[in-house]
Amino acid sequence: MLRVLRVTGTNAVEQADVAAVEEPLEIRLHDRPFAVIMRTPGADRHLAAGFLLAEGLIGSADDLGAVEHCRHPDHPDGHNVVSVFLLGEAAATLPALLEGRRNVLDGRLPLTGHTLAVSGRASYEIVQKAWLAGIEIVCAVSAPSSLAIDLAEEAGITLIGFARANGFNIYSKPARVRM
Numbered sequence: 748m749l750r751v752l753r754v755t756g757t758n759a760v761e762q763a764d765v766a767a768v769e770e771p772l773e774i775r776l777h778d779r780p781f782a783v784i785m786r787t788p789g790a791d792r793h794l795a796a797g798f799l800l801a802e803g804l805i806g807s808a809d810d811l812g813a814v815e816h817c818r819h820p821d822h823p824d825g826h827n828v829v830s831v832f833l834l835g836e837a838a839a840t841l842p843a844l845l846e847g848r849r850n851v852l853d854g855r856l857p858l859t860g861h862t863l864a865v866s867g868r869a870s871y872e873i874v875q876k877a878w879l880a881g882i883e884i885v886c887a888v889s890a891p892s893s894l895a896i897d898l899a900e901e902a903g904i905t906l907i908g909f910a911r912a913n914g915f916n917i918y919s920k921p922a923r924v925r926m
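Numbering (my numbering), first residue to last: 748 to 926.
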C-alpha cells in the first residue's frame, strides 16, 4: 500500500492506493545478454518472442529454437531471465547484431523545465528517460508502476497518474504542483 495525494479541482486529499508490480526481464540470445525490458511478471517467454519479432530480429516463430527461463546457479533470479536460441538466418546474423548494439549511443535533448505527458501508463522506462533528459514532472493518464514510483522518488521527479480534467493523483514530490 502506498499513499498518494488525490487532487480534485482545488481540493487535495491523501489516500491509500496500490501500484502495478513492474520487474525487469533480461532477454539473452544464445546465453549472451541482449536486452533488459520492464514488464508486469507473467508470460515472459511469449513476451521475449514478441519483443524479438517487434525489434525485427526474427521474422516468425520459425526463427525460434528454444525460449526458456534460465535455471542456472549463476542466475538465482532465473524467473527474471529468459534465454532465446535462434535458428537459421536469424542465428547467422546474431554476432553482428550483438556487436552493433554495443556501439549505439542514446541521444537526448536537455529538457529541464519541461513536463512529459504520456497517453498511457507511467512505466519505469518512461521515468528513467525523463530523468536522463532532466524532466521534472511526468504526467500520465493511467497508473504508474511500482518501480516508476520508486524511481521518481529517487530522481526527485513529480509523478502524476490518472490525469483527468477534474483531477489526478500525485505519487511523488507533490510540492512542485501548485493548486
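Note that the Cβ used here is the ideal one computed from N, Cα and C, for glycine as well. Just so we're clear, the structure is a prediction, and the values are computed from it rather than from any experiment.
In the three-state DSSP reduction, R786 falls in the strand class (E or B). Looking from the CA of R786, the closest CA among E769, G860, C886 and M926 belongs to E769. Boundaries of the beta strand (DSSP E) around H816: L811 to H816. By the 16-neighbour rule on beta-carbons within 10 angstroms, N758 is exposed.
DSSP places A759 inside the beta strand (DSSP E), whose first and last residues are N758 to D764. Per DSSP, the continuous alpha helix (DSSP H) segment holding V874 begins and ends at Y871 to A880. Assigned with DSSP and collapsed to three states, I907 falls in strand. Collapsing the DSSP output to three states places E773 in a strand.
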